[in-house]
Each structure stands twice: as C-alpha cells, then as structure tokens.
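Engineer: Numbering (this note's numbering), first residue to last: 58 to 803. Yeah, the Cβ is synthetic: ideal placement off N, Cα and C, and Gly gets one too.
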C-alpha cells in the first residue's frame, strides 16, 4: 500500500530554456499566441499563457484549466516584458505582479505598448517571463511558468492579421532527462490566419527518443513510422483561431551519455500554409539530480510575517543521499520565527538535514519546507529582502553534488500601497450580462486613506448594477466608489454588472473595461493611481467552449467516469457539431451517454456527430458522460492525457474549430490513499489552532495498516485530536471510505 499525498506527490519542477524561437505569426484576441502554462517533472500543462496585442496594448492572459485541476488557483502572478533578451531573476524583481484575494484561476495583464522600453511598434520582438504561485486550497503545490521554467519566451508585436492561411507552432519538454527515462512533450498548433487551413499535418521528428506507446503515440493518437522515427498527426481542417494541443510521452534512449544534448524538432503545414517549425533541447544527466525552488510574498511591511515554501525534487535517475538544505536570511531586516520541519539555526543560516534519502521520480516524492521570518520594525520603505536557499547531496558512492540554488526577493513598504485586479468573462454575446470583479488590496505598511475606485465602462456595454453600489455617471460612463480607509493587509471586493450591446457591422469585437484606484496616506500625501483592465470578446457568431472533467486517478481494472461539456458562448446557433475524444493508451470505453457515432478501440478515438448532439444555441451546454476502464498501467504513478476537441458550423455553413481540452489521469499499480489538511493561515500567541486532516481511499481495494503522521512545527504545543492519535495507530479504509481528524494545537 502506498500513501499518496494528493498535492505533494504530483509534480517535480524542471529547468527549461529557450532553444529555438517558435514560429510566431499574427495574433489577435481571437487567435492569441498560446504557450503551455506548465508545472511538474513531466511538463504537465495545467493551463495556458495567451498573448496578443492591439494597436494600443499588449495582453497577457494567465489561465488555469479549472475543469481538469478544480482545486488549483493562483495566489500571486508575476510578469516581465522587455525588448531585450531576459535572464531569469527572482519574480519579486519583475515589473508587473498581481496579488489575488481570493485566489484566481484566470487573470489578464493589460500593458500599454508605449510603456514597454519607451515603446514598441509592429514587427518588434519582445521577451516575456511568466510565473505564478499555485495552491491547492491553502497548500502550496509549486510554481507554474509560461512555456519555460526560469527562462523567457518571444512574441512579435502584430499589425494586421495575414490575408493568407498561416500556422504557428510551439514545443516544450524537459530540459534535463536521464537515459531510459519517460518524459512528456507538449505541442501547440494555432491557426493565426484569417481563413481556415485545410489538411493540417504535424510531424515530430524524434531523435534519440521513441514514443512510449508506439502503437498509439500521443493524444490525439498519431501514426508512428519506426524506420524514420517520426510521429505524424493529421488534424484535418483548422478554423480561424483554432488551437490544437498535442501531448506525446517518449522514452529517452538508454544508450545516451551524460552531458549530451538531444534536439527534437516538430513541424506543421497545411494547404496553402507554409511549413513552420519549433525545436526543443534536452540535456542528458545521470545519477541523482536535485532541484530547489523557493516562493514567498513579493511585498510586505514592517512587523509582517514572510512565509516561504522551499520545494526540493530529485529529477535524476538515482537516489540522493545526505541531502542538506540551507537557507540564508538577512538578519539586518528579518528575524527567524519558525520552520517545518524544524531546522537548525546558526547565525543567519537555517539548516535541514533530510532524515531519509530522496528517491528519483516517479518513485520518490518532493520535500517541502516551510520557513517563517518576521520583518523588523525599522526596515525602510522600499527596502529589498533577498532570501537564498541551496541544496547539496551525495550519491551512493559518497560523491558530492551541488549546490543548486534559488532566490526569492521581497520589497518592504512602510507607506500605503494599493494593488488592483479586475477579472470577468472572457466571452460574451450581445444582450448577455457580463459580471466584473474588482479586488483592491493594501499591501503596504500603513493605512491608505481617501481611497477611491473609478471603473470606466466602454461604449459597447450598458451599466446594470454594482455591489456595493457605486455612483454611476451617465455622461462619463464611470462608476465611482469612495471607500475611505483600507488598513494594511485589507481587501475590498467590488462587482459590476453590464450588458453587452450590439455593434453595427461587426461580428466580433473587444470590450475593454478599465478600473483604477486612487489613495493618499495619513499625512495627506497622494500617490500615482494603479490601474487594471479586462478584455471580453463579444461575438454574434457561434463560439463553442469545451471542457473535460472527471476522475483524475485510477487503478488497474477500475472504472472511471468522465464528462465532456460543450457550451456555446457565442451569439448564434452552432450546427453540424462533431466532438472527438481521444482516449489515451491504458483506457478502454465501456459506455457513452448520448451514444457515440463511432469508436475505434485500436486508437481510442470516439466520435459524436450532430445526430447525437443536435444544435447548441447561445448559452446552452451539452454534456457527454463516459465510463472507461483502466486496462493497462505501464508503471506506478504514470500520467496519461485525454484530449477532446470539437468542430462546428454556423447557419451559413462557415467552419469553426477545433477547440480542445486536455484531462490528465494518474494511474497506479498499487492501492493508494489521498490526504489533505486545512486550517487557519494566521494565529496569535497563546491562541488555539484547529486543523482538519482528511484521509480518503478512492480505490477499489481495501487499505490496511494505514498510518498517518502529523509533524508538529516548533513553537506549538499539542492539545488533542479527534479521533485520538498516537504514533502506532493503524486503520482500515474500505473503498470510498473517508476518515477525518480534528487536531488542536496551542
């Protein structure tokens, strides 16, 4: 029996670098440049970063796939943009950041082109770095990066979309891999032209790797030619703005030597669309290889607590021994408070010696360390606190490795500092109600007074209401809230409802809604306002959105339930709809409601056509429910990826699609359990803290001799638990059973 922490065991972080600039053509709101938002050792895409521009602004959208990762959200995001190539630095030093309260799954940065290095014009190349801290509930699970871990990606400022068919392509994979290891490539193909592209063919020329499943390579399933070591996907017709994501698991050759570099190139072409290419380089490693990553707050104030999370992963091929983690703090600006597990404090260094060796992926699990320090009361305004961490280790022969290092930077503000984030609906149709959320947070160290928020509505919408009620100016088309005082750490949430209006002569247009916050300090000093804007794409055309959700874990012979939701977020009916689901290798179909049109068990391809789905009208959702059986598990803890996509027509017989979604499923050979923990994020001296621990058996097997251990941090005293816990307690969990503990500490 294996005890799997539902969030801690999911991901390892890889360092990824830019190898060859992907082919980037014209990108608009309806055809954005799309790169994976990745996390984990297998480079799992948990969403996307989408980039586009208009004549005035650059737009960068952070988006988590909520249906596949329903508990994941961003606590903070960071963005850096420059006309010159970027080298990685701590995200706290970047130009743009958003703090989320509550956490968000979607956010848009709107950046004036004139503000990027004194202005950029069409055809200029810019460089971007994107980062977000990801939480599952209140538990940190890692960081997500736009395309490259600790690296930048390129984008070309666009003028007008091309008048001919054009494709763009992006490929990602591991930076480091060991011989014989299994890894994931992700390929994103986009139609960036203004007309459909027919006969789209994607070819991945593999070098020193082979598909993990040669008879059914990738999702969607491609065709593998062993003589040329090439995988080919025939995607058919791609409509305007269509995005297709392909995942391919590969096994690196066991004959590769350490320090070699493996380059794999993928290409895409179509009728009248020129071939485009993208490449990915992977460096071959051997033995144990650890990575370390650190996250924490990027802004704080005097006497505030800084809670850092340190994540250590073994991304190599062998066990790491004598693992030592050291964190260095700046004692002139902070003082040590606590850590979990408890570290040894000596001067400005906290040291943790891991009690057990770290096994390699996928057998091993990540190690998480939490470190809390307090900002000293005399720290000056805009002082920068740099916190450094390193990890060293040995192999089985005693050879030393490391150090691997990381740094996190926090800026201290003694004065009031407001942030503003605006979110809303990405898509709408005329006469639909759009609801915007505006969040204002004082991340500074003193009161913000005379706080005023002004939301400027565009002419393409009609004001309906706001909560709390603001003052609406019918002439200026603005809503104003006079909020008074916001204390340090305080948050104010505002909502606005508007109705999308029709625009004569247009089928698709953008609605840009901007909000700004103004404030002063207690002495009456005024500050430059902060602004944020959100863009909603309004369309009279049919526009479908597809999501796949359901069971995310399974064992051999288990039956899983999956659902496909297809929603029309556009302004007219979608007809002649085709939905295609590519079941990955390891799953077989048992049933479908509604019934499918066809199913090929050799490739896993399931097709539903219009006779099963009918017409989908605006705001209507059609749901397909599947039951599938796990028939093959290649190794314990393997990730497989289920790709689903849809095509459709409008009533004038114009073609649209495909749109796609990926649903991950992790498979196990052995029974496993899931454990989660929740509790307050703040407490004061001598107060009582109550935690709730939930342990669940989601498998078909009975789990016996289950042992649960909770490690108490320093500076707390155990009071009680319900049911009572002792170190030798064991339990039996039947299928679907759940146990809950209430743990009280002082």
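1. To test your reading of the DSSP string, which unbroken beta strand (DSSP E) runs of 3 or more residues are found completely within the stretch 438-522?
2. Quick check: residue 239 and residue 269, are their CB atoms within less than 8 Å of each other?
3. Measuring only the C-alpha atoms, how far is residue 331 from residue 485?
4. Please classify residue 274 as buried or exposed, where buried requires at least 16 other C-beta atoms within 10 Å of its C-beta.
5. Using only alpha-carbon positions, find the residue among 495, 412, 700 that is nearest to residue 524.
6. Go ahead and label residue 134 buried or exposed: buried means 16 or more other beta carbons lie within 10 angstroms of its beta carbon, across all protein chains shown.
7. Where does the unbroken beta strand (DSSP E) through residue 777 begin, and where does it stop?
8. At which residues does the beta strand (DSSP E) containing residue 310 begin and terminate?
9. Taking only the alpha-carbon atoms, compute the straight-line gap between residue 427 and residue 206 and give it to the nearest angstrom.
10. Report buried or exposed for residue 737, applying the criterion of at least 16 other Cβ atoms within 10 angstroms of its Cβ.
11. Taking buried to mean at least 16 other C-beta atoms within 10 Å of its own C-beta, is residue 371 buried or exposed?
12. Which two residues bound the contiguous beta strand (DSSP E) that contains residue 150?
13. Ordered along the chain, which non-local residues of its own chain (more than five positions away) have a Cβ less than 8 Å from that of residue 153?
14. On the CB-based measure, 16 or more other CB atoms within 10 Å of its CB, does residue 410 come out buried or exposed?
15. Below 8 Å between beta carbons: does that hold for residue 187 and residue 200?
16. Do residue 492 and residue 566 have their beta-carbon atoms positioned less than 8 Å apart in this structure?
17. So if DSSP puts residue 123 in a beta bridge, which residue, or which two residues, is it bridged to?
18. Could you check the C-alpha separation between residue 158 and residue 132 for me, to the nearest Å?
19. Helix, strand or coil for residue 388, going by three-state DSSP, please let me know.
20. Does residue 387 have its Cβ less than 8 Å from a Cβ in chain C?
21. Here's a check: name, in chain order, each residue in its chain whose Cβ is nearer than 6 Å to the Cβ of residue 286, leaving out the five neighbours to either side.
22. Roughly how many angstroms separate the alpha carbons of residue 384 and residue 511, rounded to a whole number?
23. Three-state secondary structure (DSSP) at residue 674?
24. Does DSSP put residue 114 in a helix, in a strand, or in coil?
25. Residue 211 by DSSP, collapsed to three states: which one?
26. Expressed to the nearest angstrom, what Euclidean distance is found between the alpha-carbon atoms of residue 102 and residue 483?
27. Spatial neighbours of residue 434 within its chain, please: C-beta separation below 7 Å, excluding the five flanking residues on both sides.
28. Kindly indicate the opening and closing residues of the beta strand (DSSP E) around residue 633.
29. How about the stretch 550-567 and the stretch 584-597: do they share at least three Cβ pairs that are nearer than 8 Å?
30. Flag this pair as yes or no: are the beta carbons of residue 249 and residue 224 separated by less than 8 Å?
31. Per the contact definition of three or more C-beta pairs closer than 8 Å, is the stretch 613-633 in contact with the stretch 575-590?
32. For a test of the three-state rule: what should DSSP assign to residue 171, helix, strand or coil?
33. On the three-pair Cβ rule with 8 Å, is the stretch 630-640 touching the stretch 660-680?
34. Residue 722 to residue 228, Cα distance in whole Å?
35. Should residue 444 be labelled buried (16 or more other beta-carbon atoms within 10 Å of its own) or exposed?
36. I want to know whether the stretch 450-467 touches the stretch 539-547 - three or more CB-CB distances under 8 Å.
Structural biologist: Checking against the coordinates, here is how it stands:
1. 440-451, 457-469, 475-480, 490-499, 505-513
2. yes
3. 33 Å
4. buried
5. 495
6. buried
7. 775-779
8. That residue, residue 310, is in no beta strand (DSSP E); it is neither H nor E in DSSP.
9. 22 Å
10. exposed
11. buried
12. Per DSSP, residue 150 belongs to no beta strand (DSSP E) and is neither H nor E.
13. 135, 136, 137, 138, 166, 168
14. exposed
15. no
16. no
17. None; residue 123 has no bridge partner.
18. 7 Å
19. coil
20. Note that chain C does not occur in the displayed structure, where there is just one protein chain.
21. 263
22. 43 Å
23. coil
24. strand
25. strand
26. 20 Å
27. 359, 360
28. 632-639
29. yes
30. yes
31. no
32. helix
33. yes
34. 22 Å
35. buried
36. no
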